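One structure is given here, and the rest of the page talks about it.
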Amino acid sequence: MDTTTHVGAHAAHDPHPHGEHPHHELGFWRKYIFSTDHKVIGIQYGLCGLVFLFLGFSLMMMMRWQLAYPGQALPVIGKILNVFGPGSMPDGKMTPEFYNSLGAMHGTIMIFLGIVPVAFAAFGNFVVPLQIGAPDMTFPKINAASFWAFFVGGMIMLFSFFVPGGAAKTGWTAYTPLSIITDQGGTYDPVFNGQTLWLIAFIFLITSSLLGAVNFISTIIQLRAPGLTWMRLPFFVWAQFVTAFLLLLAFPPLESALIMQLMDRLAGTSFFLPSGLVVNGTPLHVSGGGSPLLWQHLFWFLGHPEVYVLILPAMGIVAEIIANNSRKPLWGYKSLVFAALVLGFLSFIVWAHHMWLTGMGTAVSAFFQTTTLIISIPSVIILSAFFISLWGGSIRFTVPMLFATAFLPMFGIGGLTGIPLAFNSADLYLHDTYYVIAHFHYIVAPGTIFGLFAGIYYWYPKATGRMMNEFWGKVHFWPSFICMNLIFLPMFLQGMLGMHRRWYDGGQGWTLAGDKVWGLSGFQWNQPISIAAWCMGLAQIPFIINFFWSMRHGKKAVSDNPWEATTLEWTAPNMPPHGNFVTPPVAYRGPYEYSLPGRDRDFTMQNEPIEPGEQVHHPSTEPVLHA
Amino acid sequence: MEIPYTVVARRDTGVWNAKVGIWLFLASEVMLFGGLFSAYVFLRLDAGPGDWPHGVLNVPVGTFNTAILIISSVTVVLAWAALKMRQFTRYRIYMAITILCGVVFLVVKLGYEWPQKYVHFGARIKESELAKYEKYLGNQHLLAEGFAPRKEITGHLHNPQALHDPNIKEYEIALDPVNADPTNKKMDRPHFFYVPPTEKIGIVEKADVEYANMFLPKHSSYFATYFTITGLHGAHVLAGVLVFCYMLLPASTRLYRQNPEHLANRVEVAGLFWHFVDLIWIFVFPLFYLL
Ligand code: HEM
Ligand SMILES: [Cu+2]
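Line by line, the protein sequences give chains A and B. Numbering of the first sequence is given in my numbering, commencing with residue 1 and proceeding in unit increments. Numbering of the second sequence is given in my numbering, commencing with residue 1001 and proceeding in unit increments.
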């Protein structure tokens, strides 16, 4: 094949034909900090993302106190939290403004600084080039720029906690006009205030994911190893491919909306301010004529594809781990690929299901109800294929597999509870209640985050040469799994009782919350939920220790392929050097050739040539390629 | 380590890396400007009759800038073609012309068109007081002709302190021709050539004004979208100019000596970006100047 000769030619010749980069060891800064190596960048993204995930979770643990014990002083740490300024926790009691900041920043940090960086950028960067047998990304410098844009954006977000008035307060959705009239006037700085910094930081984050998305797509198109045809790509690569397209095309409209909101705040325009707006009894002195609805459209045009950005990489990780640990080819590979593509496409035409309350006409709402129901079909296909893949396998319950199997029912609950929300009439009641919170957290928390944990335990030996500890991994898994459900299951009940998702007092002052379900009122349910949330925080300690301890002291990986997997990343040496592979790999077969009949091993790697007379039986294996 | 396909195309995909990259990038740019243009559509459809200004931009100047950009799009292709034929001097000349065009565009836009707006003033009259200013607005005449009403009185503000000083009760405006002579049929439609404000002074009481400001972004939805979109477009022009300047620097000459095809690829990619910037302008021009 032509491509073979080409790469071969590269490897055979002097690797530096122009002789202008003599081979030298990079210094510490170039090697670990300002690196252009996709693996280092992936790890940088991963570590930062994990820190942000923990931070976002900590904000929520603070809010849970206020929800369970509204108005009471937070013992011990309440006083320390005054670092957030005098308006945050006077006498250890949380102010409403600070509660709002915590809520808005929890959402923002978790989604844009936690999950996306880890699921897409970290795993994508570290794993995708290895899985497609590439030496690096197509544009290594742009890749580094992407990380640093993310880093700056994250730092601005953190910094915004400490400006006068504190961080942004209007939710991760920053609905206008509220988000434009807050954090203005009085003691607020015109630029260094929570909401304006939120907007600026966000522009950095969008730049980052834009650069990342361009890099991922072009890498997958251009740098696949010889023989690695599209239908031989591991499902993880497909998942990242679709994710990258979502980021590429859905983020820019939000960026335009951010620019407009920034103009509204800084230049006094009225993109999102309607005529005749009265704030605290005084008419706002602006030209008016803007449209709050426009913001919602632009926001959710990103917002909905974004939720698939959160879930698709996790699905990809789970696919790899299920195939590996059930020692069976993934069931329905082609359906999985097409389901992911359809999912990607449909996710652009469902956004208004977040806006049922805006009173759109029946025709528009019929359209979006229909598309929303249709989009659950590919989700169900993916989930079913995963379940069927387990059928008849010889399952090994390794730690990655525990997390991956737990993903399946959790994602199932999250997805199925979305269906009532897809109906305009049911959602008018459920909108903005804890039911919605429970719906998407079931997908993102025990779903995506479990997928991420699975991936960390799974690819850890590739990155470090050592395994994470099994026992402590299980000690991490079981409490996390139980706590997740204790946290989010009751939220469905609270939501169906009608509890609003943004109440500062946890519904204490709301009479109807006196209705009881399973012995507790909506408000009373806050206590067990909060306790479970704090336990969940404790349950992460074994993970954190395991993660750092194993780098030095973990069991050495028995080989470059400790899980006996089939995909190309396991043909590279552990802790792959700059450039990744000793000899550039060639792919001869599909990604999941487990338990081929008539072989002494139960796995056949993608770079093992087809043997003479071998039966090509798996649908993902394309015609035999002879090198 | 070297990344494959930076210069030569990969056989089965038929392209080299940066070409894939730039097309993807441009796709995202389409969505970025698409978001802004959709804002334009939204706000314009929301605006009531008479709320969307017409004829406030200088059409001949805009036409000139359009021509400039189109010329530069041609010269950048000629620069690329010269490189392909390994005519380095011609390449440099065409590149310099392209840069010059970009700079002229920016100077006209930021140095002339924008500042001309900052000094213009408009006062939107309250719905209930429109009749009082009939002599400046000529709405009876417009009604008879079947046109949308006028709600704003524009021109040069003679007492700019009035904007900030609450003790001043009136705006003194050197009226634009359309408010100076509102019933003249020539004023029914926007002028092609820019006509400066007249000597005639109009007095507008602040109490009758709904909202008044200079022609800044905050003046109206129209100027908000105009400044935002042309500003972002201008930033793109500037970025293109900077990239082209880099392609005339010694670093690029060295690249040409080593690997002329690589430089040609870079010019091609930058040229694609430049065409895109041009294309955006082709939408901006009719939307703001003509419609
Ligand atoms: C499988 C089919 C799904 C359906 C039918 C569905 C439907 C919906 C609907 C209609 C809403 C709006 C509820 C409201 O605000 O009143 C919603 C909210 C949400 N969904 Fe889903 N969803 C599905 C899957 C997912 C997936 C896979 C994710 C991935 C993370 C997700 C994440 C979210 C989030 C984050 C929100 C809330 C956003 C907010 O208001 O803050 N959903 N879902
Ligand atoms: Cu959605």
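Built from N, CA and C at the ideal position, the CB exists for glycine as well. Predicted model, so just to flag it, every value in this text is computed and none were measured.
Where the alpha helix (DSSP H) through I181 (chain A) begins and ends: L178 to I181
Please confirm if S218 (chain A) has its CB atom under 8 Å from at least one CB of chain B. yes
Residue from A:V237, A:I545, A:Q222 and A:G290 with nearest C-alpha to V1008 (chain B): A:Q222
Can we say the region 150-168 of chain A touches the region 103-120 of chain A, given the rule of at least three CB pairs closer than 8 Å? yes
Taking only beta-carbon positions, decide if S1252 (chain B) is within less than 8 Å of chain A. no
Residues that Q222 (chain A) contacts on chain B, provided the C-beta gap is smaller than 7 Å: Y1005, R1010, T1013, N1017 and V1020
Would G289 (chain A) and S1221 (chain B) qualify as a contact pair, given that the criterion is a beta-carbon distance under 8 Å? yes
Does chain B have any CB closer than 8 Å to the CB of P22 (chain A)? Low confidence applies to P22 (chain A): its pLDDT is 45, below 50, so where it sits in the model is not reliable enough to give any reading.
Determine the extent of the alpha helix (DSSP H) in which G1034 (chain B) is found, giving its start and end residues. N1017 to D1046
Excluding five sequence neighbours on each side, which residues of the same chain lie with their C-beta closer than 6 Å to the C-beta of A565 (chain A)? N324
Just how far apart, CA to CA, sit P623 (chain A) and E611 (chain A)? Because P623 (chain A) sits at a pLDDT of 43, beneath the cut-off of 50, its placement in the model cannot be relied upon, and the following sentence gives the value as read from the coordinates. One C-alpha to the other measures close to 13 Å.
Check whether the region 1245-1252 of chain B and the region 1156-1173 of chain B touch, using three or more Cβ-Cβ pairs below 8 Å as the test. no
Segment limits, beta strand (DSSP E) that includes I1225 (chain B): Looking at the sequence itself, residue 1225 (chain B) is Thr, so the reference to Ile does not match. Element bounds for T1225 (chain B): not the beta strand (DSSP E) but the alpha helix (DSSP H), S1221 to Y1246.
Once the 5 residues before and after Q1161 (chain B) are set aside, which same chain residues still bring their CB inside 7 Å of it? I1168
Using a Cβ-Cβ cut-off of 6 Å (strictly less than) and excluding sequence neighbours within five positions of T405 (chain A), which residues of its own chain qualify? none
Look at the alpha carbon of M155 (chain A) and the alpha carbon of L1175 (chain B), and state the distance between them as a whole number of angstroms. 51 Å
Using the beta-carbon of each residue, which ones in chain A are nearer than 7 Å to F1042 (chain B)? S291 and L294
Any idea which residues DSSP pairs R1124 (chain B) with across the strands? B:E1152 and B:Y1211
Under 8 Å Cβ to Cβ from P140 (chain A), same chain only, skipping five residues before and after it: list those, please. T36, D37 and H38
Could you spell out where the alpha helix (DSSP H) holding I217 (chain A) opens and where it closes? G194 to Q222
So, is the C-beta of G1034 (chain B) closer than 8 Å to a C-beta in chain A? yes
Are the CB atoms of V1241 (chain B) and V1277 (chain B) nearer to each other than 8 Å? no
Spatial neighbours of Y1118 (chain B) within its chain, please: CB distance less than 7 Å, with the 5 preceding and 5 following residues excluded, ordered by chain position. M1214, F1215 and L1216
From the DSSP output, in three-state form, read off R466 (chain A) for me. strand
So L199 (chain A) and Q261 (chain A) are in contact, right, with Cβ under 8 Å, and what is the actual spacing, rounded? 6 Å
Quick check on S208 (chain A) - is its C-beta less than 8 Å from some C-beta in chain B? no
Run the proximity test for V1077 (chain B): is its beta-carbon closer than 7 Å to any non-hydrogen atom belonging to ligand 2? no
Classify R232 (chain A): buried if its beta carbon has 16 or more other beta carbons within 10 angstroms, exposed otherwise. buried
Taking only beta carbons into account, state which residues of the region 1156-1181 of chain B come closer than 8 Å to chain A, listed in chain order. none
Report whether the distance from the Cβ of L310 (chain A) to the nearest heavy atom of ligand 1 is below 7 Å. yes
I'd like to confirm something about I203 (chain A): is its beta-carbon nearer than 7 Å to some heavy atom of ligand 1, or not? no
Give the secondary structure of G1249 (chain B) by DSSP, where H, G and I count as helix, E and B as strand, and everything else as coil. In the sequence as presented, Gly is not what sits at residue 1249 (chain B); that position holds Leu. Three-state result, L1249 (chain B): coil.
Do the CB positions of V128 (chain A) and T219 (chain A) come within less than 8 Å of each other? yes
Does any residue of chain A bring its CB to less than 8 Å from the CB of M1031 (chain B)? yes
Between the CA atoms of G1138 (chain B) and R1150 (chain B) - distance to the nearest angstrom: 8 Å
P1177 (chain B) beta carbon less than 8 Å from that of T1198 (chain B): yes
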